[in-house]
Amino acid sequence: MDEQFDPDQSANVSRAEWMGVLARASTTSLAELIKSLGELPEFNWLRQPEVGAVMTRGRAGGTGQVFSVGEMSVTRCAVTLTSSPDIVGHAYVQGRDIEKAKSAAICDALLQTNRREEVLRSIIAPLKDEESARHLKARRKAGATKVDFFTMVRAES
14 MDEQFDPDQS
24 ANVSRAEWMG
34 VLARASTTSL
44 AELIKSLGEL
54 PEFNWLRQPE
64 VGAVMTRGRA
74 GGTGQVFSVG
84 EMSVTRCAVT
94 LTSSPDIVGH
104 AYVQGRDIEK
114 AKSAAICDAL
124 LQTNRREEVL
134 RSIIAPLKDE
144 ESARHLKARR
154 KAGATKVDFF
164 TMVRAES
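Numbered according to the numbering used here, the sequence shown spans residues 14 to 170.
Here you go:
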């Protein structure tokens, strides 16, 4: 997950991967990067942005009994491009961020068109690199607090 995103390998980029990158991106980064696309295509709402809640689940110890952790706010929407009504862009983002959901849905739709390479290079690659940098910083911070425990065996005479 922390490797650099290689836009030259775009044929191998799955929709699940780019939707995950868009969903995890910071709102400000996505808003800035989407400006690099110039004028966005016209679109129609299939599903207006709506905020709801989902129940998050976890496992005790990562492998044990499933339990409900709690609710999380999510914003979702779906768009279709006016120029290509058969292409549908979806977005599910954490929180109550309508603009981020809209931007992510438009990017998802564009990634299914002939603008795929452009969007991968100008939006997905920088967002993936930013995500990798955040993970590296978190690992370094956690590593700095690592404590090595060892056991001494007392010699008995």
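Glycine residues also receive a C-beta, built at the ideal position from the N, C-alpha and C atoms.
Just so it is clear, the structure is predicted and the values come from calculations on it, not from any experiment.
Contacting residues, own chain, Cβ-Cβ under 8 Å from residue i (five flanking each side not counted)
{"i": "E63", "result": "T88, R89, C90"}
{"i": "A66", "result": "E84, M85, S86, V87"}
{"i": "R70", "result": "V79, F80, S81, V82"}
{"i": "A155", "result": "none"}
Endpoints, alpha helix (DSSP H) assigned at residue i
{"i": "A118", "result": "111–123"}
{"i": "L46", "result": "40–47"}
{"i": "R134", "result": "Neither: R134 is in no alpha helix (DSSP H) and is coded neither H nor E."}
{"i": "G194", "result": "Look at the range of the chain in this structure, 14 to 170, and you will see that residue 194 is not part of it."}
Anticipated Cβ contact below 8 Å, residue i with residue j, distance rounded
{"i": "L122", "j": "F80", "result": "In the sequence on display, residue 122 carries Ala and not Leu. That pair is no contact at about 37 Å."}
{"i": "L94", "j": "P139", "result": "Going by Cβ atoms, the distance from L94 to P139 rounds to 23 Å, so no, they are not a contact pair."}
Own chain residues within Cβ distance below 7 Å of residue i, not counting five before or after
{"i": "S97", "result": "T126"}
{"i": "A114", "result": "P62, T88, R89, C90, A104, V106"}
{"i": "I119", "result": "L53, F56, V92, G102"}
{"i": "S116", "result": "L43, A44, I47"}
{"i": "I111", "result": "P62, T88"}
{"i": "E144", "result": "V34, R37"}
{"i": "A73", "result": "F80"}
Proximity test, residue i beta-carbon vs the ligand MN heavy atom, cut-off 7 Å
{"i": "F56", "result": "This structure lacks the ligand MN, and indeed carries no ligand of any kind."}
Beta-carbon gap between residue i and residue j smaller than 8 Å
{"i": "L35", "j": "S135", "result": "no"}
{"i": "I137", "j": "W31", "result": "yes"}
Boundaries of the beta strand (DSSP E) in which residue i is found, first to last residue
{"i": "S86", "result": "79–94"}
{"i": "E66", "result": "One detail in the question is off: residue 66 reads as Ala in this sequence, not Glu. Start and end: 56–72."}
DSSP bridge partner residues for residue i (one or two, in chain order)
{"i": "H103", "result": "A91"}
Same chain, Cβ closer than 6 Å to residue i, five either side skipped, listed in chain order
{"i": "V26", "result": "none"}
{"i": "E131", "result": "none"}
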